[in-house]
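To keep things clear, I will list the structure first and then write my remarks on it.
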Amino acid sequence: MAKRRIVLIGYRGSGKSSVGKALSRLTGEVHIDTDQLIEDATGRSISDIFEKEGEAAFREIEQHVITRIPAKAGIISTGGGVVINPANVQMLRMNSYMVLLNSDTGVIKRRIKGSDRPSLTGQSPADEIASVLNERMPAYRRAADFVIDTSKTTAKEAAGLIVEKVRQGKCSIKE
607 MAKRRIVLIG YRGSGKSSVG KALSRLTGEV HIDTDQLIED ATGRSISDIF
657 EKEGEAAFRE IEQHVITRIP AKAGIISTGG GVVINPANVQ MLRMNSYMVL
707 LNSDTGVIKR RIKGSDRPSL TGQSPADEIA SVLNERMPAY RRAADFVIDT
757 SKTTAKEAAG LIVEKVRQGK CSIKE
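As numbered in our numbering, residues 607 to 781 make up the sequence shown, in order.
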């Protein structure tokens, strides 16, 4: 496989962390989860940061953490809102394949049910997923080299699809 990072983007519940771990096992490359880096750096949970300091403070911490990720890192799972900041996308894009993991809203709702992450909009879970996805999808698509639908795949299957696309050189295709 090419010696480029694979950066996973997408809405929460789309499988970024699970697929990232599966990709790491499949390729032998190190896996880095930006949300975990944030929690490690601050000693606090993502939900605690959001609740006590708000989204703007969280996004500042997120950007700081992203700037410190080594250029040679193998697999990077990002937070769902990383694409909001174009500087994040620019930093993550360097020497990377950017992969959008996307799932049906019903699948996402099932996957994140019971999550301790705070609401971004104050809407019902289904309405929030629909509105935030609608808002972020253009940024996800601009950032992505290709899209993998994780609605009906296991993390291992999605990882295999990503490796296959990278090996075939199909990484500048918007699907």
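The beta-carbon is built from N, C-alpha and C at its ideal position, and this holds for glycine as well. The structure displayed is predicted, hence computed values, not measured ones.
If you run the structure through DSSP and keep just helix, strand and coil, what is Tyr703?
In the structure shown, Tyr703 falls within a strand segment according to DSSP collapsed to helix, strand and coil.
Measure the CB-CB distance between Thr756 and Ala764 and report whether it falls below 8 Å.
Yes, these two residues count as a Cβ contact at 8 Å.
Exposed or buried, what is Ala732 when buried is set at 16 or more other beta-carbons lying within 10 Å of its beta-carbon?
Residue burial is scored here from C-beta neighbours: Ala732 has fewer than 16 other C-beta atoms within 10 angstroms and is therefore classed as exposed.
Whole-number beta carbon distance between Thr684 and Val613, since they are thought to touch under 8 Å:
With a beta-carbon spacing of about 7 Å, Val613 and Thr684 fall inside the 8 Å limit used to define contacts.
By the 10 Å Cβ neighbour count, where 16 or more other Cβ atoms means buried, how is Ser721 classified, buried or exposed?
Burial call: exposed.
Own chain residues within Cβ distance below 6 Å of Lys780, not counting five before or after
Residue confidence is low: Lys780 scores 41 on pLDDT, short of 50, so the model does not pin down where it sits. No coordinate-derived value is stated.
Should the stretch 743-750 be called in touch with the stretch 650-666, which here means at least 3 C-beta pairs below 8 Å?
Short answer: they don't touch.
Identify which residue in Arg716, Glu657 and Gln642 has its Cα closest to the Cα of Ile672.
The residue with the shortest Cα to Cα distance from Ile672 is Gln642.
Please work out which residues of its chain come closer than 7 Å, Cβ to Cβ, to Ala679, disregarding the five sequence neighbours upstream and downstream, and give them in chain order.
Excluding sequence neighbours, Ala679 sits near Arg611, Val636 and Ile638.
Quick check: the Cα distance between Val754 and Arg631, rounded to an integer number of angstroms?
Looking at the sequence provided, one finds Ile at residue 754 rather than Val. Straight-line Cα distance between these residues: approximately 18 Å.
When Ala736, Met743 and Ala663 are compared against Ile615, the one with the closest alpha-carbon
Comparing Cα-Cα distances from Ile615 to each of Ala736, Met743 and Ala663, the minimum goes to Met743.
Where DSSP assigns a beta bridge to Val613, which residues make up the other side?
Beta-bridge partners of Val613 (DSSP): Ile682 and Met704.
Less than 8 Å between the CB atoms is what I'm expecting for Asp751 and Val705, so what's the real figure, rounded?
That pair is a contact at about 7 Å.
Can you check the stretch 626-660 for any beta strand (DSSP E) of at least 3 residues that lies completely inside it and give the ranges in chain order?
Runs of the beta strand (DSSP E) inside the stretch 626-660: 637-639.
Contacting residues, own chain, Cβ-Cβ under 8 Å from Thr640 (five flanking each side not counted)
So the qualifying residues of the chain are Glu668, Val671, Ile672, Ile675, Ile682, Ser683, Thr684, Gly685 and Val688.
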